[in-house]
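Count along the sequence shown from 1, add 3, and you get the number used in the numbering used here.
Quick reminder that beta carbons are idealized off the backbone N, C-alpha and C, glycines included.
Note that the structure is a prediction, hence the values are computed from the model and not measured.
Written out below as structure tokens is the structure these notes cover.
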Amino acid sequence: MSLNSTTSLLDIPNSLPVKATFDIRTSWDIIRSCVATLFACLWVSVHPNMSPPGHSDIRVFFAKVELMIWTLLFPEWIILWAFRQWLGARALSKEFKDYGWTMSHGFFVQMGGFVETRVVGCTRVLLPDDLFSWMSKHERVPKVTTQQISRRSKGDGFSKAIVIAQTSWFVAQCIGRHVKGLFITSAELSTLAYAILNGVMYLLWWHKPLDCQTPVELRYSYTDYPNDAFYPYHGSQVSRPSTSLHLESLRFASTPELQRPQRDPEPERIVTTTNPAAALPETPIKHDPKGTRRILLEVLRFPYLRLSSMRISRTSVDQDLMFYAYPASKSPTDNFRDFREGFFWGHILLVLVCLIFGSVHILAWFSDFPSHSEHLLWRICSVAITVLPIIYALPNLLLRTVLPPEEVRGGLTGNIPLKGLTRFLRFTTLAIPPLYLIARLFLLIEMMISFRNLPSSAFVNVSWTAYFPHV
């Protein structure tokens with residue numbers, strides 16, 4: 004039985020039977036629960052890096068809005084970035100365990116938690132390699148406790164409990180509706196997919212401070228500090244040579260604004276970087292008086308640049324440090340096995356997350372939709388968001404984890420013929436993100452327009468879920 008298409012979103016159909024064991028819900032109740040859960044998944048659970056010194060509150064806010072949009076459109080890539088940060092935090096905590104460093108310290112350093120001030124108005128972020136250089140130069144390790152890091156975080160046990168309670172309630176009520184044979188709307192299915200991925204993301208970022216914007220300031224000379232503010236530095240346990248995963252130091256002007264980092268002139272430091280953005284053709288742009296073509300090209304390149312930042316360890320950091328993650332293993336030129344393990348498990352996680360996220364949408368394969376065309380498009384787009392990222396990830400796994408390291412480096416530089424694979428990688432880099440984005444946008448639009456014609460069982464609520472704390 005279906006509702007008349009002219010039924011108001013907030014109305015309850017008069018034909019709906021009221022039973023003692025069930026409650027009645029309106030379309031507004033469904034929308035409110037989905038929005039509250041999505042807000043918990045997209046805004047509260049996402050842990051951004053710190054903004055560079057000098058950024059205004061408005062700029063920080065819009066940076067987080069951008070991060071929320073990327074999480075909405077490409078949640079799998081955000082989880083891959085979170086996994087890389089988790090690997091980096093684990094590596095840092097192991098390297099400095101003798102100084103009491105924990106996973107929280109590892110995340111804090113990666114997100115730009117240490118800055119160096121030489122003179123007033125000249126501050127630079129000390130990312131891990133820069134911090135190592137500072138420690139080596141001054142032979143000191145800053146004493147920063149886990150409690151001090153936690154106090155800088157805007158998240159605490161209570162906020163974590165709210166997010167966990169809201170997402171757990173939403174998952175429980177979807178399971179309850181399935182057990183009772185009640186209709187689950189497409190909006191609820193999409194939100195359920197985000198809630199499941201949110202659990203993975205929250206687990207990876209459990210020890211990362213939330214919305215922390217107060218770094219630890221290290222002055223150029225440590226003699227101004229009390230003696231108990233530092234540990235004696237005995238050196239890092241792991242040597243990190245200059246390679247493709249090496250971080251270049253940022254160049255700073257006399258203002259707090261960060262300048263764009265300069266590329267290292269040594270070509271061997273970047274030959275092993277499989278950057279999707281680098282696969283974009285450098286198409287020469289002819290003179291265009293209106294500049295339309297140039298603007299269009301920059302708009303098309305922007306998603307590729309952002310996705311590449313989430314996916315790999317870069318040779319330099321972005322100007323806003325948004326997607327920075329510390330390389331958890333040595334360079335592939337020195338220890339290819341360690342590099343392969345991190346790369347392998349990261350892309351295996353990406354494949355699994357894509358399967359989970361897409362499979363939840365595929366659950367609506369035989370559901371009721373307002374029209375046959377919407378039903379068909381939902382099926383196509385659900386399969387697309389499941390398969391396309393896997394097609395993108397598998398060739399990279401083959402290139403970086405199966406082939407010998409000399410073939411990887413040679414193939415990327417043209418010394419050994421791997422033209423077929425590299426051409427396919429370039430094709431997938433160009434074709435898959437736009438196709439994936441189109442599929443995601445349709446699913447998001449369908450979430451909103453499907454309320455115009457819902458079966459009557461969609462308005463029947465499972466009463467026992469009301470006893471769970473939720474918004």
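Please report how far the alpha carbon of residue i lies from the alpha carbon of residue j, in whole angstroms.
{"i": "ALA43", "j": "GLU142", "result": "43 Å"}
{"i": "THR431", "j": "ILE393", "result": "11 Å"}
{"i": "THR217", "j": "HIS350", "result": "33 Å"}
{"i": "TRP73", "j": "TRP80", "result": "9 Å"}
{"i": "VAL166", "j": "TRP46", "result": "10 Å"}
{"i": "LYS100", "j": "TRP348", "result": "24 Å"}
{"i": "GLN88", "j": "ARG155", "result": "19 Å"}
{"i": "GLY345", "j": "PRO212", "result": "23 Å"}
{"i": "GLU449", "j": "HIS375", "result": "13 Å"}
{"i": "PHE462", "j": "ARG304", "result": "44 Å"}
{"i": "ASP132", "j": "MET138", "result": "10 Å"}
{"i": "PRO268", "j": "ILE61", "result": "Here the model assigns PRO268 a pLDDT of 37, short of 50, so the residue's position is not dependable, and the following value carries that caveat. PRO268 and ILE61: Cα-Cα distance of roughly 36 Å."}
{"i": "SER3", "j": "GLY158", "result": "Since the first residue shown for the chain is 4 and the last is 474, residue 3 is missing from the structure and cannot be characterised."}
{"i": "ARG28", "j": "ARG443", "result": "28 Å"}
{"i": "TRP31", "j": "THR188", "result": "13 Å"}
{"i": "HIS378", "j": "PRO398", "result": "32 Å"}
{"i": "LYS146", "j": "LYS140", "result": "16 Å"}
{"i": "CYS125", "j": "PRO55", "result": "12 Å"}
{"i": "ARG429", "j": "GLU98", "result": "37 Å"}
{"i": "LEU433", "j": "MET71", "result": "24 Å"}
{"i": "VAL302", "j": "PRO436", "result": "13 Å"}
{"i": "THR40", "j": "SER136", "result": "43 Å"}
With DSSP run on the structure shown, which of helix, strand or coil describes residue i?
{"i": "ARG28", "result": "coil"}
{"i": "GLU377", "result": "helix"}
{"i": "PRO56", "result": "coil"}
{"i": "ASN418", "result": "Any reading at ASN418 must be qualified, since the residue scores a pLDDT of 46, below 50, and its modelled position is unreliable; the value itself is stated next. DSSP places ASN418 in coil when its eight states are reduced to three."}
{"i": "THR40", "result": "helix"}
{"i": "GLU285", "result": "With a pLDDT of only 47 at GLU285, under the threshold of 50, the placement of this residue in the model should not be trusted; the figure read from the coordinates follows. Residue state, collapsed to three classes: coil."}
{"i": "VAL463", "result": "strand"}
{"i": "PHE369", "result": "coil"}
{"i": "GLN176", "result": "helix"}
{"i": "PRO51", "result": "coil"}
{"i": "GLY423", "result": "helix"}
{"i": "ASP159", "result": "coil"}
{"i": "GLN88", "result": "helix"}
{"i": "ASP101", "result": "helix"}
{"i": "ILE187", "result": "coil"}
{"i": "PRO330", "result": "coil"}
{"i": "THR74", "result": "helix"}
{"i": "CYS384", "result": "helix"}
{"i": "GLN216", "result": "coil"}
{"i": "LYS140", "result": "helix"}
{"i": "LYS22", "result": "Low confidence applies to LYS22: its pLDDT is 47, below 50, so where it sits in the model is not reliable, and the reading given next is rough at best. Coil."}
{"i": "LYS511", "result": "Since the first residue of the chain shown is 4 and the last is 474, residue 511 is not available in this structure."}
{"i": "GLY202", "result": "helix"}
Which residue from the options puts its Cα closest to that of residue i?
{"i": "LEU401", "options": "THR425, TRP381, VAL386, ALA387", "result": "THR425"}
{"i": "ALA190", "options": "ARG455, VAL465, VAL203", "result": "ARG455"}
{"i": "TRP208", "options": "PHE117, ARG93, GLU119", "result": "ARG93"}
{"i": "VAL128", "options": "TRP137, VAL118, PHE135, LEU134", "result": "VAL118"}
{"i": "LEU176", "options": "ARG382, VAL390, SER139, CYS37", "result": "The amino acid at residue 176 is misidentified as Leu; the sequence shows Gln. Here the closest residue by C-alpha is CYS37."}
{"i": "PRO330", "options": "GLY179, GLY109, ILE34", "result": "GLY109"}
{"i": "VAL356", "options": "LEU446, THR148, TYR307, VAL203", "result": "VAL203"}
{"i": "SER362", "options": "LYS97, LEU195, TYR395, PRO306", "result": "LEU195"}
{"i": "LEU447", "options": "TRP467, LEU457, HIS364, ALA396", "result": "HIS364"}
{"i": "PRO114", "options": "MET53, GLY160, SER162", "result": "The question names Pro, but residue 114 is Met in the sequence shown. When only C-alpha atoms are compared, the closest one is MET53."}
{"i": "LEU438", "options": "ILE34, PRO306, PHE173", "result": "PRO306"}
{"i": "ALA164", "options": "LEU185, PRO458, TYR205, PRO56", "result": "TYR205"}
{"i": "GLN169", "options": "LEU324, THR120, ARG35", "result": "ARG35"}
{"i": "CYS215", "options": "PHE64, ARG382, LEU433", "result": "PHE64"}
{"i": "THR149", "options": "ALA367, HIS210, ALA198, ARG309", "result": "HIS210"}
{"i": "ASP457", "options": "PHE186, LEU324, TYR102", "result": "Looking at the sequence shown, residue 457 is not Asp but Leu. Minimum Cα distance to LEU457 is reached at PHE186."}
{"i": "TYR234", "options": "SER453, PHE86, LEU75, TRP104", "result": "TRP104"}
{"i": "HIS58", "options": "MET325, ARG121, LEU308, LYS183", "result": "MET325"}
{"i": "SER453", "options": "LEU70, SER370, LEU76, PHE173", "result": "SER370"}
{"i": "ILE441", "options": "MET451, SER460, SER385", "result": "SER385"}
{"i": "PRO51", "options": "TRP84, ASP26, LEU76", "result": "TRP84"}
In the DSSP assignment, what residue or residues form a beta bridge with residue i?
{"i": "THR120", "result": "THR126, ARG222"}
Just confirm the distance between the C-beta atoms of residue i and residue j, as a whole number of angstroms; I'd bet it's less than 8 Å.
{"i": "GLY116", "j": "VAL49", "result": "18 Å between Cβ atoms; not a contact."}
{"i": "LEU192", "j": "PRO78", "result": "The pair is not a contact, with the Cβ atoms about 14 Å apart (cut-off 8 Å)."}
{"i": "PHE445", "j": "LEU380", "result": "6 Å"}
{"i": "ILE152", "j": "SER96", "result": "About 12 Å; that fails the 8 Å criterion."}
{"i": "ALA396", "j": "VAL354", "result": "6 Å"}
{"i": "ILE388", "j": "PHE360", "result": "7 Å"}
{"i": "VAL144", "j": "TYR197", "result": "With 8 Å as the limit, VAL144 and TYR197 do not qualify as a contact, their Cβ atoms being about 40 Å apart."}
{"i": "ARG222", "j": "THR295", "result": "The Cβ separation is near 49 Å, so there is no contact."}
{"i": "LEU391", "j": "PHE86", "result": "With a Cβ gap of about 20 Å, LEU391 and PHE86 do not count as contacting."}
I want to check one thing, is the minimum distance from the CB of residue i to the heavy atoms of the ligand FMN below 7 Å?
{"i": "TYR197", "result": "The ligand FMN is absent from the structure shown, which contains no ligands of any kind."}
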